[in-house]
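Structure, as structure tokens:
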Amino acid sequence: MSQVDIAAVKAYLLALQDDICSQLETEDGGTSFVEDAWERPAGGGGRTRVIANGAVLEQGGVNFSHVFGDQLPPSATAQRPELAGRSFQAMGVSLVIHPHNPMVPTSHANVRFFVAEKAGEEPVWWFGGGFDLTPYYGFEQDCVEWHRTAKAACDPFGEDVYHRYKQWCDEYFFLKHRNEPRGVGGLFFDDLNEWGFDQTFAFMRSVGDHYIKAYRPIIAKRKALHFTETQRDFQLYRRGRYVEFNLVYDRGTLFGLQSGGRTESILMSLPPLVKWRYNWQPAAGTEEARLYTDFLRPRDWLAE
């Protein structure tokens, strides 16, 4: 069994944050991320990086955090009683990017590592993460390329890996109270340790490295497209779904808030502007309606 190397995971995550921020700054064309280093009274800390009011990126955050403690909150051990009485460390990079132009999708990515230790016993550890895309106006080729890159991240690790984690993503990023997906999916995995530490860490790195390879070409292709005030208004309405998911279902958000995490960093995923309307739906035959009928449903993008 390969040894758990916490230092190697942390070094990778810090470098990943640097690379993603650098590439997004280049694509934005002039606005830089502002860094906010912070410490958590209960143990650990992180560095939050936020970009706002850019030429392309209306708001986004790329966060690194490394938190630890002597014991997990009851909400975390209720489903995993073997973790009770163990010290823990949790670290990861989590990001959400909200472009200004509604033709450019919102994107989210997260890669994370968790380990719980107790003297005289083997550590309990796992990796999790993934990335997903939330368009407002659909471009089928963007979705195909997004999933093609997701598959490339998974291919070295087994023929079924992409399909398994693509399905998990479709099921996870689903608003049950709306009966609709949040977007067009991507990859999602959690509690992964079945391959041993070295191979599982390599998979997490592959997913982390492929996020910007998948997203940056979409920004480049769509950021200069013309849009109307009506399209901007629809983007703000659809952002409401993003807020609903993050506050009601997202595991990372809930764990962070329940474990005494830093609220400002946890909620940086929320967009700066958003709208809700009572009982509204787009008119049939419009591009807005096409988002629901053609994109917000599970599809095998690579078979089309």
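In this text, residue positions in the sequence shown follow the working numbering: the first is 1245, and each later residue adds one. From the three backbone atoms N, C-alpha and C, an ideal C-beta is built for every residue, glycine too.
- Arginine 1426 sits away from phenylalanine 1357, with the two beta carbons spaced by 7 Å or more.
- Beta bridge pairing from DSSP links isoleucine 1295 with Gly1304.
- Along the segment 1464–1537, the alpha helix (DSSP H) occurs as fully enclosed runs of 4 or more residues at 1473–1492, 1495–1502, 1507–1510, 1531–1534, listed in sequence order.
- Boundaries of the alpha helix (DSSP H) harbouring valine 1405: 1405–1416, taken from the DSSP string.
- Counting other Cβ atoms within 10 Å of its Cβ, alanine 1320 reaches 16 or more and is therefore classed as buried.
- From the listed residues Phe1375, Gly1329, Lys1395, Asp1434, the smallest Cα separation to proline 1367 is found for Gly1329.
- For a cut-off of 8 Å, the C-beta gap from asparagine 1345 to leucine 1257 is around 30 Å, too long to register as a contact.
- Counting only the Cα atoms, valine 1492 lies some 12 Å from arginine 1422.
- Among the bridge pairs identified by DSSP, tryptophan 1282 is matched with Gly1290.
- The DSSP-derived three-state label of aspartate 1544 is coil.
- Excluding sequence positions up to five before and after arginine 1483, its CB lies within less than 8 Å of the CB of His1342, Thr1350, Pro1515, Leu1517, Val1518, Lys1519, all in the same chain and listed in chain order.
- Taking a contact to require three or more Cβ pairs closer than 8 Å, the segment 1285–1301 and the segment 1267–1276 qualify as touching.
- The residue among Arg1495, Leu1498, Lys1467, Ala1527 with its C-alpha nearest the C-alpha of threonine 1474 is Ala1527.
- Aspartate 1538 and threonine 1378 have their C-alpha atoms some 13 Å from each other.
- Residue environment for lysine 1420: exposed (fewer than 16 other C-beta atoms within 10 angstroms of its C-beta).
- Between the segment 1378–1391 and the segment 1427–1435 there are three or more C-beta pairs closer than 8 Å, enough to call the two in contact.
- A residue is called buried when at least 16 other Cβ atoms come within 10 angstroms of its Cβ; glycine 1374 meets this threshold and is buried.
- Per the DSSP secondary-structure output, glutamate 1361 pairs in a beta bridge with Ser1331.
- Arginine 1506 sits buried, since 16 or more C-beta atoms from the chains shown fall within 10 Å of its C-beta.
- For the 7 Å CB-CB criterion, glutamate 1532 and phenylalanine 1478 form a contact.
- CA-CA distance, arginine 1543 to isoleucine 1462, rounds to 19 Å.
- Boundaries for leucine 1377: no alpha helix (DSSP H) harbours it, while the beta strand (DSSP E) harbouring it runs 1368–1378, taken from the DSSP string.
- Beta-bridge pairing by DSSP links threonine 1350 to Thr1378.
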